[in-house]
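Structure first, then comments.
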Amino acid sequence: MNNSEVRVRFAPSPTGALHIGGVRTALYNYLFARKNNGTMLLRIEDTDQSRFVPGAEAYILESLKWVGIEIGEGPLTGGPHAPYRQSERKDIYAQYAQQLIDEGKAYYAFDTSEELDAMREKLKAAKVANQQYNAVTRNTMQNSLTLPEAEVKAKLANGDPYVVRLMVPRKEDIRFHDLIRGWVVVHSSVLDDKILLKSDGMPTYHLANIVDDHLMKITHVIRGEEWLPSAPLHVLMYRFFGWEDTMPQFAHLPLLLKPDGNGKLSKRDADKAGFPIFPLNWTDSVSGELSQGFKEKGYLPETMINFLALLGWSPGTEKEIFSMEELISEFSIERISKAGAKFDIDKANWFNQHYIKSKSAEELAVYLQKDLDKEGVKASPAKVIKVAEVLRERISFPHELWEQNKFFFEVPTAYDQQVVEKKWNSDVAAVLHDLSKRISQLEDSVTATTAHDTIENFFATKELKMGKYMQPLRLSITGQGGGPDLMAIIEILGAKETAKRIDSAIVILGGQRTQA
Numbered sequence: 024m025n026n027s028e029v030r031v032r033f034a035p036s037p038t039g040a041l042h043i044g045g046v047r048t049a050l051y052n053y054l055f056a057r058k059n060n061g062t063m064l065l066r067i068e069d070t071d072q073s074r075f076v077p078g079a080e081a082y083i084l085e086s087l088k089w090v091g092i093e094i095g096e097g098p099l100t101g102g103p104h105a106p107y108r109q110s111e112r113k114d115i116y117a118q119y120a121q122q123l124i125d126e127g128k129a130y131y132a133f134d135t136s137e138e139l140d141a142m143r144e145k146l147k148a149a150k151v152a153n154q155q156y157n158a159v160t161r162n163t164m165q166n167s168l169t170l171p172e173a174e175v176k177a178k179l180a181n182g183d184p185y186v187v188r189l190m191v192p193r194k195e196d197i198r199f200h201d202l203i204r205g206w207v208v209v210h211s212s213v214l215d216d217k218i219l220l221k222s223d224g225m226p227t228y229h230l231a232n233i234v235d236d237h238l239m240k241i242t243h244v245i246r247g248e249e250w251l252p253s254a255p256l257h258v259l260m261y262r263f264f265g266w267e268d269t270m271p272q273f274a275h276l277p278l279l280l281k282p283d284g285n286g287k288l289s290k291r292d293a294d295k296a297g298f299p300i301f302p303l304n305w306t307d308s309v310s311g312e313l314s315q316g317f318k319e320k321g322y323l324p325e326t327m328i329n330f331l332a333l334l335g336w337s338p339g340t341e342k343e344i345f346s347m348e349e350l351i352s353e354f355s356i357e358r359i360s361k362a363g364a365k366f367d368i369d370k371a372n373w374f375n376q377h378y379i380k381s382k383s384a385e386e387l388a389v390y391l392q393k394d395l396d397k398e399g400v401k402a403s404p405a406k407v408i409k410v411a412e413v414l415r416e417r418i419s420f421p422h423e424l425w426e427q428n429k430f431f432f433e434v435p436t437a438y439d440q441q442v443v444e445k446k447w448n449s450d451v452a453a454v455l456h457d458l459s460k461r462i463s464q465l466e467d468s469v470t471a472t473t474a475h476d477t478i479e480n481f482f483a484t485k486e487l488k489m490g491k492y493m494q495p496l497r498l499s500i501t502g503q504g505g506g507p508d509l510m511a512i513i514e515i516l517g518a519k520e521t522a523k524r525i526d527s528a529i530v531i532l533g534g535q536r537t538q539a
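For the sequence shown, this note's numbering assigns the number 24 to the initial residue and increments by one for each residue that follows.
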């Protein structure tokens with residue numbers, strides 16, 4: 024490349040929600056740009072107006088913002104190569120398509136859909152493997168290569184529908200070097216004469232992305248493996264335009280695979296396995312179906328960055344935890360694998376748990392407070408922070424602070440039936456009744472240590488085995504058979520509330536007979 028500055032682009036189509044694989048592509052572009060002090064731009068490839076979905080562009084921007092990918096140039100930020108929406112660059116593409124026609128490297132094709140179908144059927148009947156519009160079949164079709172010049176001019180003057188097709192050489196090896204896969208060689212006979220300009224005057228991906236990458240001075244095209252079959256065609260176009268010297272370097276990323284490694288990850292696979300496939304919530308504009316996003320499911324941005332970075336790239340060490348800055352420092356295209364990467368959601372959950380643990384109680388309290396506000400539950404900020412601190416080591420998702428631990432803020436009305444059946448009886452109820460009296464005599468601002476000493480002393484005095492009663496005690500206070508440290512729970516609830524709950528459980532569960 025002649026350009027000294029590294030310039031990359033993320034170029035999604037606004038045809039729906041951004042797939043998590045697209046977020047990984049954006050991340051790799053971002054890491055590479057930052058590592059090399061370069062620029063990453065966002066280009067919206069919206070030339071296929073039939074598939075355009077309102078709101079999709081805003082969704083893409085919001086998704087990138089959520090995970091912390093900053094755009095150097097783009098539709099919102101602007102830049103020296105604006106506009107960054109392809110639908111606003113239509114005139115530019117027509118000019119370059121015309122250049123290829125004038126130089127005999129592209130041609131007008133006037134074939135109707137019926138004529139195209141007939142060509143394919145004829146080739147199928149002749150057992151031709153690829154029913155393509157190519158260097159052989161174009162000579163039998165309605166185009167500016169087979170029609171008299173006067174008829175072509177007349178058709179154009181009449182406004183007859185046409186497309187512009189690339190004139191692919193019949194017998195030629197097309198070679199390029201991929202930064203991940205090494206040398207790729209494709210024979211031109213397997214390529215078809217791709218449409219460059221559609222009948223509505225809009226360019227296809229092939230023309231628009233080549234022209235834009237050139238004009239926007241892109242130095243590296245880092246994109247998904249699904250574009251690898253198109254790369255030889257793009258290399259050919261760079262040559263046709265005379266841009267070989269400034270052609271970007273290609274890096275085609277490995278696929279994201281199903282958790283079992285058997286095939287490409289799809290939305291259906293994700294739905295079946297019960298995890299998201301989109302970064303944020305997305306409502307389908309046609310069906311109205313809501314697809315939950317990673318954000319709303321409780322995954323942190325740090326989790327997604329760390330998890331996605333390691334889906335196809337390796338640091339070459341055993342290290343697994345990386346901040347964005349560490350990833351920028353260590354990232355290199357050379358360490359991206361050719362093989363597809365299994366989408367292991369359990370690993371994502373592990374990362375999320377790690378990042379939850381690394382947050383302060385004050386940070387986690389913000390999540391908990393939002394749920395409390397939503398439920399209309401009142402609690403002091405000090406209590407909310409205390410609860411977050413106690414639960415920090417026990418949760419994998421922020422919503423679990425509330426969903427699994429409502430007992431900190433609400434008196435239980437239901438009790439774990441398995442524990443009731445196994446551990447609760449009239450003798451246990453009688454002992455807990457006496458313990459409740461003892462706890463009620465404590466200062467309300469009891470500490471976990473005081474609570475522990477008091478309870479231990481109570482059982483020692485009565486010469487009872489403490490272990491037999493601890494789970495029923497927990498059950499009476501929280502409604503659950505397990506959970507956070509019970510003494511910490513008593514400290515947060517206070518002595519009076521704890522005693523009240525024990526008494527309430529005895530009434531609800533029965534066996535409130537006291538010892539004589």
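Just so you know, even glycine gets a beta-carbon here, dropped at the ideal spot from N, CA and C.
Collapsed DSSP secondary structure at residue i in the structure displayed
i, result
"residue 10", "Outside the shown range of the chain (24 to 539) lies residue 10, about which nothing can therefore be said."
"residue 269", "helix"
"residue 459", "helix"
"residue 25", "Caution applies to residue 25, whose pLDDT of 44 falls short of 50 and renders its modelled position unreliable; the value that the coordinates give is listed next. Coil."
"residue 490", "helix"
"residue 535", "Only weak support is given to the placement of residue 535: the predicted model assigns it a pLDDT of 38, under 50, and the value that follows is read from those uncertain coordinates. Residue state, collapsed to three classes: coil."
"residue 194", "coil"
"residue 421", "coil"
"residue 18", "Here the chain comprises residues numbered 24 to 539, so residue 18 is not present and cannot be evaluated."
"residue 280", "strand"
"residue 301", "strand"
"residue 42", "coil"
"residue 103", "coil"
"residue 92", "coil"
"residue 182", "coil"
"residue 447", "coil"
"residue 287", "strand"
"residue 465", "coil"
"residue 432", "coil"
"residue 437", "coil"
"residue 156", "coil"
Paired residues, beta bridge with residue i - DSSP
i, result
"residue 130", "188"
"residue 79", "BP columns for residue 79 are empty, so no partner."
"residue 306", "313"
"residue 201", "205 and 273"
"residue 30", "62"
"residue 244", "273"
"residue 97", "101"
"residue 220", "187 and 226"
"residue 364", "279"
"residue 210", "196"
"residue 166", "132"
"residue 108", "67"
"residue 336", "359"
Contact under 8 Å by Cβ, residue i with residue j
i, j, result
"residue 54", "residue 500", "no"
"residue 306", "residue 272", "no"
"residue 225", "residue 129", "no"
"residue 384", "residue 395", "no"
"residue 86", "residue 123", "no"
"residue 132", "residue 154", "no"
"residue 413", "residue 518", "no"
"residue 75", "residue 49", "no"
"residue 504", "residue 442", "yes"
"residue 70", "residue 109", "yes"
"residue 184", "residue 222", "yes"
"residue 52", "residue 245", "yes"
"residue 94", "residue 64", "yes"
"residue 513", "residue 483", "no"
"residue 229", "residue 202", "no"
"residue 525", "residue 449", "no"
Nearest-angstrom Cβ-Cβ length linking residue i and residue j, presumed shorter than 8 Å
i, j, result
"residue 528", "residue 463", "Not quite, the Cβ-Cβ distance comes to about 14 Å (not below 8 Å), so this is no contact."
"residue 361", "residue 198", "Contact flag wrong, Cβ pair sits at about 18 Å."
"residue 251", "residue 275", "5 Å"
Residue i CB to nearest heavy atom of the ligand PLP below 7 Å
i, result
"residue 295", "Of the ligands one can find in the structure shown there are none, so the ligand PLP has no counterpart to examine."
I want to know whether the segment 212-230 touches the segment 330-342 - three or more CB-CB distances under 8 Å. no
Whether or not the segment 93-106 and the segment 138-146 are in contact is what I'm after, with contact meaning three or more pairs of Cβ atoms, one per stretch, closer than 8 Å; do they touch? no
Contact the segment 368-376 vs the segment 115-122: 3+ CB pairs below 8 Å: no
Any contact between the segment 446-460 and the segment 484-499? By contact I mean 3 or more CB pairs, one from each, below 8 Å. yes
Does the contact criterion of 3 or more C-beta pairs under 8 Å hold for the segment 359-369 versus the segment 273-293? yes
Does the segment 433-440 touch the segment 384-397, meaning 3 or more C-beta pairs lie closer than 8 Å? no
Say whether the segment 416-424 touches the segment 314-322, bearing in mind that this needs 3 or more beta-carbon pairs closer than 8 Å, one atom from each stretch. yes
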